[in-house]
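Novice: To start, I am sharing the structure in question, which I have written as structure tokens.
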Amino acid sequence: AQRVTQPEKLLSVFKGAPVELKCNYSYSGSPELFWYVQYSRQRLQLLLRHISRESIKGFTADLNKGETSFHLKKPFAQEEDSAMYYCALSQTDKLIFGTGTRLQVFP
Amino acid sequence: DVKVTQSSRYLVKRTGEKVFLECVQDMDHENMFWYRQDPGLGLRLIYFSYDVKMKEKGDIPEGYSVSREKKERFSLILESASTNQTSMYLCASSPQRAQGRGYTFGSGTRLTVV
């Protein structure tokens, strides 16, 4: 069955520290993966998707098919990065979400 | 600029009541979705619709039904509300064959069943 696993519920770092939010998936076929972010009192919104291989707000994520992972990384965390982050897998037109990781960035 | 509108931000209902959650999108999207968001459980798909009058069960449809009479509106119905349906409900829409791209979410309805 298709599944997305985010092993960390909470990740706390200090400003300027590197950040890595882990995401592993199980999918039979070629997956399309996404990272969504929800800032406090805001809507859930797309952060980035693997197919576009872009960097958004300094975040990057590389699809590793061998390890079935799609970890989200940023070299230097900022306080405004504090939010809830969800990894998601596309199954036709549906999105399957992980359980989310809350990132706290302390000053 | 609001593109997916959920009619209520907060709702408090009594156990056993029939509850309607409304969602309207103005982007002419074919696909619409209802998720519930719970701490530690993430977003779980309740129901979705790829077209008017069409509906498909998601992962947790028990205790819910939906209605899509018009393309822009997708309603979630709790036939007899129970306390375990206390949650944040998120509506989303996307274009057809978007393969997960182009999802737009509403701001959510926080439902409390007492």
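So the protein sequences, as listed, match chains A and B. Okay, so the first sequence: first residue is 961 according to this note's numbering, each after it adds one. Okay, so the second sequence: first residue is 2 according to this note's numbering, each after it adds one. No residue lacks a Cβ here, since even glycine has one placed at the ideal position from N, Cα and C. In this text, all values refer to a predicted model and were calculated from it rather than measured experimentally.
Can you tell me where the beta strand (DSSP E) holding residue 980(A) begins and where it ends?
Specialist: Against the first sequence, residue 980(A) aligns to sequence position 20. Looking at the DSSP string, the run of the beta strand (DSSP E) that includes residue 980(A) is 979-981.
Novice: Checking the sheet assignment: what are the DSSP bridge partners for residue 89(B)?
Specialist: Taking the first residue of the second sequence as 1, we reach residue 89(B) at position 88. 38(B) and 111(B), per the DSSP bridge assignment.
Novice: Who are the Cβ neighbours of residue 56(B) in its own chain at under 7 Å, not counting the five residues just before and after it?
Specialist: Taking the second sequence and counting its residues from 1, the one referred to as residue 56(B) is at position 55. Excluding sequence neighbours, residue 56(B) sits near 48, 50, 67 and 69.
Novice: Where does residue 116(B) fall in DSSP's three states?
Specialist: In the structure as shown, chain B begins at 2 and stops at 115. Residue 116(B) is therefore absent and cannot be evaluated.
Novice: Report the neighbours of residue 970(A) on chain B: residues whose CB is nearer than 9 Å to its CB, in chain order.
Specialist: The residue labelled residue 970(A) in the question sits at position 10 within the first sequence. The premise fails here: residue 970(A) is roughly 11 Å from chain B at the closest Cβ pair, so nothing lies under 9 Å.
Novice: For residue 1028(A) and residue 1019(A), what's the separation of their Cα atoms in angstroms?
Specialist: Locating residue 1028(A) in the first sequence gives position 68, where the first residue counts as 1. Locating residue 1019(A) in the first sequence gives position 59, where the first residue counts as 1. In a straight line, the C-alpha of residue 1028(A) is about 19 Å away from that of residue 1019(A).
Novice: To the nearest whole angstrom, what separates the beta carbons of residue 25(B) and residue 112(B), a pair I think is in contact under 8 Å?
Specialist: For the purposes of this step, residue 25(B) is taken as residue 24 along the second sequence, with counting starting at 1. For the purposes of this step, residue 112(B) is taken as residue 111 along the second sequence, with counting starting at 1. Contact doesn't hold; Cβ gap of about 18 Å is too wide.
Novice: What would DSSP say about residue 1059(A), mapped onto helix, strand or coil?
Specialist: The sequence position of residue 1059(A) within the first sequence is 99, counting from 1. Three-state result, residue 1059(A): coil.
Novice: Taking 6 Å as the limit between beta carbons, can you name the residues of its chain near residue 1064(A), skipping five residues before and five after?
Specialist: Counted from its first residue, the first sequence places residue 1064(A) at position 104. Cβ within range, chain order: 972 and 1042.
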